[in-house]
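End of the sequence shown = 391 in the numbering used here, gap-free, step of one. C-beta: ideal position from N, C-alpha, C; glycine also. Only one structure is covered here, and it is reproduced in the block below.
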Amino acid sequence: MVVMDDGELMSRLHEHERKILKVLEKKKMSMNELRSAVNLPRDSVEKASLWAKVKGVLQIDEKVLEFCEITEEGKEYTKKGLPEKGMLKLISKGDNRMDDLKGKMEGFPIALVWVKKNGWAEIREGRLEITEKGKEALKKTLPEEKALQELVKGPKLLGRFDENLISTLERRNLVKRVEEKEKTLYLTDLGKSIAPKLKTREEIGQLTPQIIIGKEWKKKPLRAYDITLPTEKIYPGRKHVLTQVIEYIRKVWLEMGFKEMAGPTVDVSFWNFDALYQPQDHPARDLADTFYMKVPKFGKLPDERIVEQVKATHENGWTCNSTGWQYDWDLEFSKRCILRTHTTNLSAHTIASLTEDDLPAKFFS
């Protein structure tokens, strides 16, 4: 942090920071108390507090508080009552046949588990008989009921409840534990020394065309900026790792004396397929994700000599000691423009353009 005198420091405080320091001059406060005192949005208070801390005039202490919060299922229990309590009410009236209880009670399995676990009832000859302990439980409000009725009003600090009780309710998915950070804000010695001298004032933090034209900047002070304060990091774009690998491989090939072949992305079928001896009716032309162009639909073929040699090779093998594909090669079909399906068409382009003076030569694509 850059050391500056009190006057310079005060001139660089934002309007919100000034308000916060004036309020905290009297006593330390929680974030919620501070927000109410300065009457600013929570985000504005938190942002201004952090900047004041960076400038060394404010300290923020944090501690984690554990709260207990009721779940949706717990809220339902506060309306309908605990299933075990409902079961006690039924069997206390003599409605205690197990088969009947299963049909009448929605939460029968849960209720049965808890009345037996708590010793409130016993099963005898297909009936559920209430015990003396169960009769006592029926007369009073259970600790679980008290806790749920209190929590339905809002989250409460975990320390207000018995740990075993909360653990039981948590296992039943009736409550859950939540953590919340409590921030306490107070002035540092530096903050205490400048707070009495501060005056809240409206400043111009950003110049706009309207402020300049209306000459409002003459009536209000412009807020000073500290260019030494930390700002958000900006991460500029960088080359993709795959691009880096490709460039490295290209460099290696070039250093070995190879020349890189280049050619059009949109090419005629002649170079992409025909010159590579792929028949015009071969299914591989479709399997290779071939995209035919609407515009331009047709392209220009090379000189007639090359075209005739490719045609003859397809139809009868030409001079290659082959019978070829034995079909009528279609000149117009070879003019169809496509998005090239590979880079091998560049090899055909390059070989067709070589002369004896170009040899020997090494290429890559």
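Handout entry: Spatial distance of residue 274 from residue 370 (CA atoms)
Key = On the sequence shown, residue 274 is found 248 positions in, with the first residue counted as 1. On the sequence shown, residue 370 is found 344 positions in, with the first residue counted as 1. Per the coordinates, the alpha-carbon of residue 274 lies some 21 angstroms from the alpha-carbon of residue 370.
Practice task
Out of 42, 81, 67, state which residue places its alpha-carbon closest to the alpha-carbon of residue 253.
Solution key: Residue numbering aside, residue 253 sits at position 227 when the sequence shown is read from its first letter. Closest option to residue 253, judged by alpha-carbon separation, among 42, 81, 67: 81.
Exercise for the section: Can you grab the Cα-Cα spacing for the pair residue 140 / residue 134, in whole Å? Expected result: Position 114 of the sequence shown holds residue 140. Position 108 of the sequence shown holds residue 134. Approximately 10 angstroms, taken between the alpha carbons.
Handout entry: Local Cβ density within 10 Å of residue 149, reported as buried at 16 or more and exposed below that
Key = Here residue 149 corresponds to residue number 123 of the sequence shown, with the count starting at 1. Residue 149 should be labelled exposed.
Exercise for the section: Look at residue 318 and residue 362 and say whether their C-beta atoms are less than 8 angstroms apart. Expected result: Taking the first residue of the sequence shown as position 1, residue 318 is located at position 292. Taking the first residue of the sequence shown as position 1, residue 362 is located at position 336. Going by beta carbons, residue 318 and residue 362 fall inside the 8 angstroms limit.
Exercise for the section: Give the DSSP bridge partners of residue 147, in chain order. Expected result: Working through the sequence shown from its first residue, we reach residue 147 at position 121. Answer by DSSP bridge pairing, in chain order: 156.
Exercise for the section: Enumerate, from N- to C-terminal direction, the unbroken alpha helix (DSSP H) stretches of 4 or more residues contained entirely within the segment 195-234. Expected result: With a minimum length of 4 residues, the continuous alpha helix (DSSP H) runs that stay inside the segment 195-234 are 215-220.
Problem - Coarse secondary structure for residue 260, derived from DSSP in three states - result: Walking along the sequence shown from the start, residue 260 turns up at place 234. Three-state result, residue 260: coil.
Handout entry: Inter-residue Cα distance where the pair is residue 284 and residue 368
Key = If you number the sequence shown from 1, residue 284 lands on position 258. If you number the sequence shown from 1, residue 368 lands on position 342. Rounded to the nearest angstrom, the two C-alpha atoms are 20 angstroms apart.
Problem - Cα-Cα separation, residue 387 to residue 279 - result: To locate residue 387, count along the sequence shown from 1; it is residue 361. To locate residue 279, count along the sequence shown from 1; it is residue 253. Rounded to whole angstroms, residue 387 to residue 279 spans 13 angstroms at the Cα level.
Problem - Inside the segment 83-148 only - beta strand (DSSP E) runs reaching at least 3 residues - result: As far as the segment 83-148 is concerned, its whole beta strand (DSSP E) runs of at least 3 residues are 84-96.
Handout entry: Closest by C-alpha distance to residue 88, when choosing among 54, 118, 64
Key = The residue you call residue 88 lines up with position 62 of the sequence shown. Looking at 54, 118, 64, the one whose alpha-carbon comes closest to that of residue 88 is 54.
Exercise for the section: Whole angstroms is fine: what's the gap from residue 103's alpha carbon to residue 67's? Expected result: Counting from one through the sequence shown, the residue named residue 103 turns up at place 77. Counting from one through the sequence shown, the residue named residue 67 turns up at place 41. Straight through space, the alpha carbons of residue 67 and residue 103 are spaced by roughly 37 angstroms.
Handout entry: Beta-carbon gap between residue 364 and residue 293 smaller than 8 angstroms
Key = In the sequence shown, the residue the question calls residue 364 occupies position 338. In the sequence shown, the residue the question calls residue 293 occupies position 267. It is a contact, given that the beta carbons lie within the stated cut-off.
Exercise for the section: Inspect the beta-carbon positions of residue 195 and residue 154 and report whether they are closer than 8 angstroms. Expected result: Taking the sequence shown and counting its residues from 1, one reaches residue 195 at position 169. Taking the sequence shown and counting its residues from 1, one reaches residue 154 at position 128. Not closer than 8 angstroms, so no.
Problem - Selected residue, minimal CA-CA separation from residue 184, among 250, 162, 94 - result: For the purposes of this step, residue 184 is taken as the residue at position 158 of the sequence shown. Selection 250, 162, 94 evaluated against residue 184 yields 94 as nearest (Cα-Cα).
Exercise for the section: Indicate whether the contact test is met: 3 or more Cβ pairs, each with one atom in the segment 173-180 and one in the segment 43-57, closer than 8 angstroms. Expected result: Too few Cβ pairs lie closer than 8 angstroms, so no.
Practice task
Check the C-beta distance from residue 152 over to residue 124 and give it rounded, since I have them as a contact under 8 angstroms.
Solution key: Start at 1 with the first residue of the sequence shown, and residue 152 comes out as number 126. Start at 1 with the first residue of the sequence shown, and residue 124 comes out as number 98. Indeed they touch by this definition, with Cβ atoms about 5 angstroms apart.
Problem - Selected residue, minimal CA-CA separation from residue 136, among 106, 110, 117, 218 - result: The count along the sequence shown starts at 1 and reaches residue 136 at position 110. Of the candidates 106, 110, 117, 218, the one whose C-alpha sits nearest the C-alpha of residue 136 is 110.
Problem - As assigned by DSSP and simplified to three states, the class of residue 51 - result: As a working note, residue 51 is residue 25 in the sequence shown. If DSSP states are grouped into helix, strand and coil, residue 51 belongs with coil.
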